[in-house]
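Heads up: the structure comes next, in structure tokens.
Numbering (this note's numbering), first residue to last: 719 to 1148.
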């Protein structure tokens, strides 16, 4: 058994980002709890809840406001339910064997947050008029001042509240690079003393996130944008391949990278994966499950192939009749099973390092091998909009396999020569 740097469950995990407001017609935690068996059956291991805290009213955007404009870090948004509803949600997730991660927004609060009224003025950065400063164009928020150690302690206290009193398993940390890394290192040391198997995901890509390490995983934003560019014909596969190999040198081998075809930002501001990836959406989803160090994410609606860009500040739920298992559900179920059954695909330091079989069309075709402790996965992916005639020697990788998506036996010969349709793939395991 390899040394565990991260919670044991996380290495082969599939994450799900839950937008409670839009998941069900009711838009509540109680209704969302009813979807947990569906997600568990599909293979989801951990649910990341978008912010569930009360939302500020001052300068509120849209009819319901931004989830990320938080009025009180230690309460539940009454639109979503009660604290008892939240506790019931966590208990049901745990009963089903799933973890729950809370979205944590450390950089700013709502402009009418409890802290604005109750805490000293120096808890916030101030503008020329003395009002709490507005970060970027987020006019419904107020920027906290991390020169003040009291802010550090209050943030840590609030995070500890959810760990010790409400049994959450970790945090997805919004725009983690906007606050000092020393804050994260100090706070996470304290939190891990309370919960040794705490899981921390940073919405950031800075390399110092893993120095202490405060974080188990960080976003792979650059990779995501390259995936979109490949799908849209702006760049060829070579750019994505170069990224994958360069990324191995940027971070420690233990660093997990969140891999996704959609999330709340991409979906609401850039369109659904149907709009951004088009015919490439299936193979790009596969890519997130086989890419080295990848920690794959499924966003609300993707599990039922819902082609829609959700309104961000208003109710815009998935229709009840639309939420049912379909071919996309089965596709993700097979991807999750592929990941769970094959240690070679583990994230972090446990997974197999990437090896490529050289081929005749490397600007289109990736023939990726990952192998560890007798387990091997071969992913043959035409990551291009072109029909290609593929040819390559498999060498030591020839032999008998199982096709991961169909379950059929497959013999990989020493010499492969075949036509491949645009965006087609084959995944072999042994």
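The C-beta atom is built at its ideal place from N, Cα and C for all residues, glycine as well.
As the structure is a prediction and not an experimental result, all values here were calculated from the model.
- CA-CA distance, residue 856 to residue 729, rounds to 35 Å.
- Going by DSSP, residue 905 is part of the alpha helix (DSSP H) stretching over 899 to 912.
- Per DSSP, residue 946 lies in no beta strand (DSSP E) segment; the continuous alpha helix (DSSP H) that holds it begins and ends at 939 to 949.
- The C-alpha of residue 975 is placed about 12 Å away from the C-alpha of residue 918.
- Rounded to whole angstroms, the gap between the alpha carbons of residue 761 and residue 1044 is 15 Å.
- In the DSSP assignment, residue 732 falls outside any beta strand (DSSP E), carrying neither H nor E.
- Residue 837 and residue 863 have their C-alpha atoms spaced approximately 12 Å apart.
- Around the beta carbon of residue 1005, 16 or more other beta carbons sit within 10 angstroms, so the residue counts as buried.
- Nearest in C-alpha terms to residue 898, of all of 914, 1002, 870 and 997, is 870.
- Secondary structure at residue 896: helix, using DSSP grouped into helix, strand and coil.
- Ranked by Cα distance from residue 858, the options 1109, 1001, 777 and 796 are led by 777.
- Under the DSSP assignment, residue 917 falls outside any alpha helix (DSSP H), being part of the beta strand (DSSP E) whose first and last residues are 917 to 920.
- Distance between residue 1060 and residue 1095, taken at the CA atoms: about 8 Å.
- Residue 1076: not part of any beta strand (DSSP E); DSSP gives it neither H nor E.
- Beta bridge pairing from DSSP links residue 844 with 850.
- At the C-beta level, residue 980 and residue 1017 come within 7 Å of one another.
- Using a Cβ distance threshold of 7 Å, residue 909 and residue 920 do not count as a contacting pair.
- Under the three-state reduction of DSSP output, residue 968 falls in the helix class.
- Residue 1071 has its alpha-carbon roughly 19 Å from the corresponding atom of residue 957.
- DSSP places residue 890 inside the beta strand (DSSP E), whose first and last residues are 888 to 891.
- Straight-line measurement puts the Cα of residue 954 at about 47 Å from the Cα of residue 866.
- Under DSSP, the beta-bridge partners assigned to residue 1012 are 975.
- Using a Cβ distance threshold of 7 Å, residue 1131 and residue 1116 count as a contacting pair.
- Annotation for residue 1051: 760 and 761 place their beta carbon closer than 7 Å to its own, counting only its chain and skipping 5 residues before and after.
- With a cutoff of 7 Å on beta-carbon distance, residue 1097 and residue 1139 are scored as not near each other.
- Secondary structure of residue 864 (DSSP, three-state): coil.
- Spatial neighbours of residue 881 in its own chain (CB-CB distance under 8 Å, excluding positions within 5 residues in sequence) are listed in chain order as 909, 912, 913 and 916.
- Cβ-Cβ distances below 6 Å link residue 798 to 738, 746, 747 and 770 in the same chain, with the five nearest sequence neighbours on each side left out; the list follows chain order.
- For residue 757, the enclosing alpha helix (DSSP H) stretches over residues 754 to 760.
- In the three-state reduction of the DSSP assignment, residue 1136 falls in the strand class.
- Per DSSP, residue 801 lies in no beta strand (DSSP E) segment; the continuous alpha helix (DSSP H) that holds it begins and ends at 801 to 813.
- Between residue 810 and residue 872, the alpha-carbon positions lie close to 29 Å from each other.
- A check of alpha carbon separations from residue 947 across 1002, 969 and 1125 identifies 1002 as the nearest.
- With a beta-carbon spacing of about 6 Å, residue 985 and residue 1027 fall inside the 8 Å limit used to define contacts.
- For secondary structure counted as the beta strand (DSSP E) over 3 or more consecutive residues, the region 1043 to 1126 holds these complete runs in sequence order: 1072 to 1074, 1083 to 1090, 1093 to 1100, 1106 to 1111 and 1117 to 1121.
- Judged by beta-carbon spacing, residue 998 lies within the 7 Å limit of residue 949, meaning their Cβ atoms are closer than that value.
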